[in-house]
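Heads up, the thing below is written out as structure tokens.
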Amino acid sequence: MSSQITAFFLTASLALGADAFAQNWPQFRGPDGNATSTDAQLPLNWNASTNIIWKTELPGRGASSPIVWDDRIYLTAFSGYGVDDAEVQDKTKLQLHVLCINREDGAVIWDQSTPGSPHTQDVTNRVQDHGYATGTPATDGKAVFAYFGVSGLIAYSTEGELLWQAETGIKTAGFGSASSPVLHGDLVIVNASIEGDQVIAFNKQTGEKAWAIDEVKRSWTTPCLAKTAEGAVELVVNQIDVIRGFDPTTGKELWSCAGIDDYVVPAPVSHEGVVYCLGGRQNRCIAVRLGGRGDVTDTHKLWEVNIGANVTSPVYYQGHLYWASDKGIATCLDAKTGEPIYRERLDTRARIYSSIVRGADRLYVTTRDEGVTVLPAAPEYKELAVNTITTDETLVNSSPAISGDRLFLRTDKYLYSIGNK
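Residue numbers (mature numbering (1 follows the signal peptide of the UniProt record, and there is no 0)): -22 to -1, 1 to 399.
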């Protein structure tokens, strides 16, 4: 009997641990960068009075996504400057927030803010489009790392204690900053292409620089940690004209491949030893087999098509790539060949800055001002639902996060927890 009881509790403990791990969404586009929660049972429909578990007013705007670790949500925001046209435009008033919110009831646990850098880009229509809190934070459950471009990389404890700050450069360009940090072992890695033409790795505990990659040009994207067919981890950086692969522990360049001849914003996604890179105003997509050395353009580039997205990132699922471009065109490609399966304009015809996410067998496409369109995660186009929250007319520039059976959606004013009620 005692052995049966022991076995029961061991099984229950393992199941609980697996469930808790599955609920974590610790960085931009989830645990593996593929914006996927395989088992999430999310609602098909919601509105202002249906399937909203809670909503929490935020201290400022932001295009960053929420992240989730256990029972806590973390996200960033900005206030004091560039928030609206009527505001007095005093750049010294800019505050950059990192918030911790209770996952179950939406209560704010802590809100820490720091002044923006004197090098902060002046507000313009293009910058105001998304603001000064665009990078999504990352966490390992011990600390929270938030990147604010010229205002640097900031590390907080999970209780809100400032641990360290690090600068990455003071240059600005056009659209502002957009990259999000990724974590690898003891390192936090940021793409500071816009701020200093580098990708930089810092020690998570001390904030000391571990390595830097130079000549990273015109890249607003978040780097991708991808596994080769043999299981080795490579850091993939997509930039103007070239896709590059590195050893994430040392920063040593492993390979390069001719890329997209324009600036790059979408984050790459990988699956079974292949990385898929989108970008450019002409909308391109390139597939590269990982694990090469040197110039792999002729040996490892699998295909390239003139179909892609300028801003938004893709999802891989069952042999297909899915995304919805900033122009509101939903696309499905055969991941093996690059052949298009469908390209359809959303019925709302709305603009999109958010990247698509997958919950089980559904895709969630978040538009800026016309709600969330739900599609099947299948190679046929069908709009299953369009969900709007009519009581909130602020823009949505961030990608949702999924944790358990909840979808966390951030607008310029609120964070929503959406689930079946």
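Cβ coordinates follow ideal geometry from the N, Cα and C atoms, glycine included.
Item	Value
Quick one: is Phe(-2) buried, meaning 16 or more other Cβ sit within 10 Å of its Cβ, or exposed?	Since pLDDT at Phe(-2) reaches only 43, below the 50 mark, its modelled position is unreliable, and the value read off the structure follows with that caveat. So Phe(-2) counts as exposed.
I'd like the list of long-range same chain contacts for Ile396, defined as Cβ closer than 8 Å, with 5 residues on each side in sequence excluded.	Leu20, Pro21, Trp24, Asn29, Ile30, Ile31, Arg384, Leu385, Phe386 and Leu387
Would the beta-carbon of Val215 fall within 8 Å of that of Asn12?	no
Confirm, please, whether the CB-CB distance from Gly269 to Thr206 is below 8 Å.	yes
Quick one: residues in its chain with C-beta nearer than 7 Å to the C-beta of His298, no 5 flanking neighbours on either side, listed in chain order?	Cys310, Leu311, Asp312, Ala313, Ile319 and Pro357
What is the rounded straight-line gap between the Cα of residue 402 and the Cα of Tyr134?	One cannot answer for residue 402 here, as it falls past the ends of the chain, which runs -22 to 399.
Is the beta carbon of Cys255 closer than 8 Å to that of residue 402?	In this structure the chain extends from -22 to 399, so residue 402 is not present and cannot be described.
Give me the Cβ distance between Asn288 and Arg259, rounded to the nearest whole Å; I'm assuming they're in contact under 8 Å.	5 Å
With C-beta atoms as the reference, is Ile380 less than 8 Å away from Gly349?	no
From what residue to what residue does the beta strand (DSSP E) around Gly163 run?	Note, Gly163: premise wrong, no beta strand (DSSP E); not H, not E.
With DSSP collapsed to three states, give me the class of Gln19.	coil
According to DSSP, what are the bridge partners of His97?	In DSSP, His97 forms no bridge with anything.
Strictly by DSSP, which residues pair up with Tyr110?	In the DSSP output, where bridge partners are listed per residue, Tyr110 has none listed.
Measuring only the C-alpha atoms, how far is Leu(-9) from Gln1?	Confidence at Leu(-9) is low in this model, with a pLDDT of 39, below 50, so the placement of that residue is unreliable and no value is reported for it.
What would DSSP say about Asp173, mapped onto helix, strand or coil?	What sits at residue 173 in the sequence shown is Glu, not Asp. It is helical.
Relative to the C-alpha of Glu361, which residue among Asp175, Trp47 and Glu322 is closest?	Glu322
Alpha carbon to alpha carbon, how far is Pro96 from Lys149? Give it in angstroms, no decimals.	12 Å
Quick check on this structure: which residue in Ala151, Trp88, Asn181 and Val105 has the alpha carbon closest to the alpha carbon of Leu131?	Asn181
Would the stretch 190 to 203 and the stretch 162 to 171 be scored as touching if the rule is three or more Cβ pairs under 8 Å?	yes
Might you give, ordered along the chain, the residues of its own chain that have their beta carbon closer than 6 Å to the beta carbon of Cys235, omitting 5 neighbours on each side?	Ile221, Val266, Val274, Thr275 and Lys279
Could you tell me which residues DSSP pairs with Ser248 in its beta bridges?	Val253
Is it true that the CB of Asp192 sits closer than 8 Å to the CB of Ile218?	no
Would you mind reading off the limits of the beta strand (DSSP E) that contains Thr34?	Ile30 to Glu35
Could you check what DSSP says for Phe(-2) in three-state terms: helix, strand or coil?	Interpretation of Phe(-2) is limited by its pLDDT of 43, a score under 50 that renders its predicted location unreliable; the figure taken from the coordinates is listed afterwards. It is helical.
Looking only at its own chain, which residues have a Cβ that is under 6 Å from the Cβ of Lys399, when we skip the five neighbours before and after it?	Asn29
Could you give the residue range of the beta strand (DSSP E) that holds residue 416?	Given that the chain is displayed from residue -22 to residue 399, the structure contains no residue 416 and the question cannot be resolved.
Tell me Ile79's beta-bridge partners as DSSP assigns them.	Ile51 and Val86
Taking His75 and Pro37 to be in contact with their CB atoms under 8 Å, please state how far apart those CB atoms are, rounded to whole angstroms.	5 Å
Using C-beta distances below 8 Å, list every residue in its chain close to Arg340, excluding the 5 sequence neighbours before and after it, in chain order.	Leu20, Leu22, Val352, Leu353, Pro354, Ala355 and Leu362
Per DSSP, His298 is paired with what?	Tyr295 and Asp312
Under a Cβ-count criterion, where at least 16 other Cβ atoms within 10 Å of its own Cβ denotes burial, should Lys33 be classed as buried or exposed?	buried
What does the alpha-carbon distance come out to for the pair Trp189 and Ile178?	6 Å
Would you mind reading off the limits of the alpha helix (DSSP H) that contains Thr277?	Thr275 to His278
Runs of 3 residues minimum, wholly inside the stretch 103 to 160: which ones carry the beta strand (DSSP E) assignment?	121 to 125, 131 to 135 and 140 to 144
Answer yes or no: the CB of Pro44 versus the heavy atoms of the ligand NAD, is any distance below 7 Å?	Among the components of this structure there are no ligands whatsoever, and the ligand NAD is therefore not found.
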